[in-house]
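Asks: What follows is a structure written as structure tokens; I'll ask about it next.
Take a look at the structure:
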């Protein structure tokens with residue numbers, strides 16, 4: 012005959028039974044979660060995206076901040092500097108012009124002393140080689156980190172780029188060199204590139220006799236952009252400006268951007284904020300106030316949102332800018348697809364919120380902004396007629 016349990020013994024027995032069941036249920040729940048989360052993470056992890064054939068007369072690709080130092084360097088040492096471009100390499104190889112903001116100096120001397128500031132970035136010559144291998148034609152040095160290791164670091168950087176196929180803008184050994192307009196012809200289209208820096212707290216402004224960056228002030232940028240417009244079919248201006256981690260456009264940025272556009276800029280590409288910002292179409296100029304990071308080690312979701320801007324010019328003079336949403340994982344960027352709808356939608360919503368509906372359309376996972384650049388082909392036809 013079974014022993015009759017008292018109330019306390021019954022409660023203890025029931026508690027032990029529930030504990031056994033709880034452990035089993037917890038194990039089952041963990042297995043179910045893992046079964047769901049693992050494939051979801053794998054599905055959402057960015058990878059290389061197939062690139063459509065491009066028969067445009069001229070194609071440009073522009074990105075935001077590129078920083079191979081700090082923790083990014085650790086990733087590069089484990090893998091390679093080149094590997095950071097693996098998921099976008101085909102896109103860049105199909106472009107005539109590729110540019111971005113090079114957010115640090117190349118430092119050749121291990122004993123080089125950094126300037127006094129909160130963060131000092133630097134990188135190795137392999138970073139420049141990786142840009143060259145990724146088909147970068149222009150690197151903007153007009154930023155607040157290129158002088159993190161003083162004039163020595165800037166000199167090392169310029170010399171390293173001079174030994175590569177990638178040209179630099181926005182900094183140099185004197186004002187003349189820093190303000191030199193970069194001209195290059197692609198399939199009969201002459202493109203001018205300029206770089207300006209408005210974040211001068213830790214940057215030395217280039218002078219007639221001293222090395223530094225090209226400052227973003229109207230007295231400097233207006234005559235240079237006007238000169239570029241007189242000598243080129245397209246003028247691309249790269250500007251380091253705004254406030255870090257601020258999506259909103261600052262009044263000074265907008266004033267400067269409109270002045271640059273009036274002077275002749277066809278497109279303005281902003282950097283420094285480390286987050287994406289709205290696009291503005293002002294008259295015939297498209298202003299990308301911030302493209303966010305492109306290669307960087309910051310871990311917040313907002314700083315991992317990125318975009319590649321492509322420009323396509325057709326034979327008939329029609330042209331368009333395309334915004335390709337991108338995302339950074341483990342310091343490496345990848346283009347997003349329609350399958351990654353949440354991230355794609357979030358990035359496009361942030362970047363197009365100031366555009367009129369008539370100024371853009373959504374095509375697949377990208378935003379398309381048409382522009383009329385028929386003046387380029389018209390000038391050619393006029394020259395041929397003469």
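Residue numbers (our numbering): 12 to 397.
In this text, a Cβ means the ideal position worked out from N, Cα and C, and glycines have one as well.
Please read all numbers here as calculations on a predicted model, not as lab measurements.
1. In whole angstroms, what separates the C-alpha of residue 243 from that of residue 180?
2. Does the distance from the CB of residue 370 to the CB of residue 380 come in under 8 Å?
3. Report the three-state DSSP secondary structure of residue 9 (helix, strand or coil).
4. Counting only the same chain and skipping the five closest in sequence on each side, list residues whose C-beta sits under 7 Å from that of residue 171.
5. Using 10 angstroms around the beta-carbon of residue 124, count the other beta-carbons present and answer buried if the total reaches 16, otherwise exposed.
6. If you run the structure through DSSP and keep just helix, strand and coil, what is residue 163?
7. Quick check on DSSP: helix, strand or coil for residue 402?
8. In three-state terms, what does DSSP make of residue 289?
9. Assign residue 384 to one of three DSSP states: helix, strand, or coil.
10. Give the straight-line distance between the Cα atoms of residue 142 and residue 302, rounded to the nearest whole angstrom.
11. Within a Cβ cutoff of 6 Å, which residues of the same chain sit near residue 251, ignoring the five residues on either side of it in sequence?
12. Considering only residues of the same chain and omitting the five flanking positions on each side of residue 164, which have a CB-CB separation below 6 Å?
13. Assign residue 352 to buried or exposed, taking buried as 16 or more other Cβ atoms, counted over all protein chains shown, within 10 Å of its Cβ.
14. On the premise that residue 128 lies in contact with residue 213, defined as a C-beta separation below 8 Å, what is that separation, rounded to the nearest angstrom?
15. To which residues of the same chain is residue 258 closer than 6 Å at the C-beta, ignoring the five residues directly before and after it?
16. Does the Cβ-Cβ distance between residue 186 and residue 235 come in under 8 Å?
17. Which of the three DSSP states is assigned to residue 229 in this structure?
18. In whole angstroms, what separates the C-alpha of residue 333 from that of residue 274?
19. Output the distance between the C-alpha atoms of residue 387 and residue 203, rounded to the nearest integer angstrom.
20. With DSSP run on the structure shown, which of helix, strand or coil describes residue 358?
21. Let's test the definition: count the other Cβ atoms within 10 Å of the Cβ of residue 308 and tell me whether it reaches 16, buried, or not, exposed.
22. Is it the case that the CB of residue 215 approaches a heavy atom of the ligand NAD more closely than 7 Å?
23. Can you give me the C-alpha to C-alpha distance between residue 231 and residue 298, rounded to a whole angstrom?
Replies: Considering the structure as presented:
1. Each residue's Cα considered, the two are about 16 Å apart.
2. Residue 370 places its beta carbon less than 8 Å from that of residue 380.
3. Because the chain spans 12 through 397 in this model, residue 9 falls outside it and cannot be assessed.
4. Residues of the same chain with a CB within less than 7 Å of the CB of residue 171, apart from the 5 flanking positions on each side, are 117, 136, 139 in chain order.
5. The residue in question, residue 124, is exposed, as its Cβ has fewer than 16 Cβ neighbours within 10 Å.
6. Residue state, collapsed to three classes: helix.
7. This structure cannot speak to residue 402, because the chain is shown only from 12 to 397.
8. Residue 289 sits in coil when the DSSP states are folded into three classes, being neither helix nor strand.
9. Note: residue 384 maps to coil in three-state DSSP.
10. Near 18 Å, if we compare the C-alpha coordinates of residue 302 and residue 142.
11. So the qualifying residues of the chain are 153, 154, 208, 210, 282, 283.
12. In its chain, beyond the 5 residues on either side, 116, 118 have a beta carbon closer than 6 Å to the beta carbon of residue 164.
13. By the neighbour-count definition (other C-beta atoms within 10 Å, threshold 16), residue 352 is an exposed residue.
14. About 5 Å separates the two Cβ atoms, so the contact holds.
15. Hits under 6 Å: 286, 288.
16. No. Outside cutoff.
17. In this structure, DSSP gives residue 229 a helical state, which the three-state scheme calls helix.
18. Distance between the alpha carbons of residue 333 and residue 274 is about 24 Å.
19. Rounded to whole angstroms, residue 387 to residue 203 spans 14 Å at the Cα level.
20. Residue state for residue 358 is assigned as helix, using DSSP reduced to three classes.
21. Classification of residue 308: buried, given that the 10 Å Cβ count is 16 or more.
22. With respect to small molecules bound, the structure shown includes none, and the ligand NAD cannot be examined in it.
23. When rounded, the separation of the alpha-carbon atoms in residue 231 and residue 298 is 19 Å.
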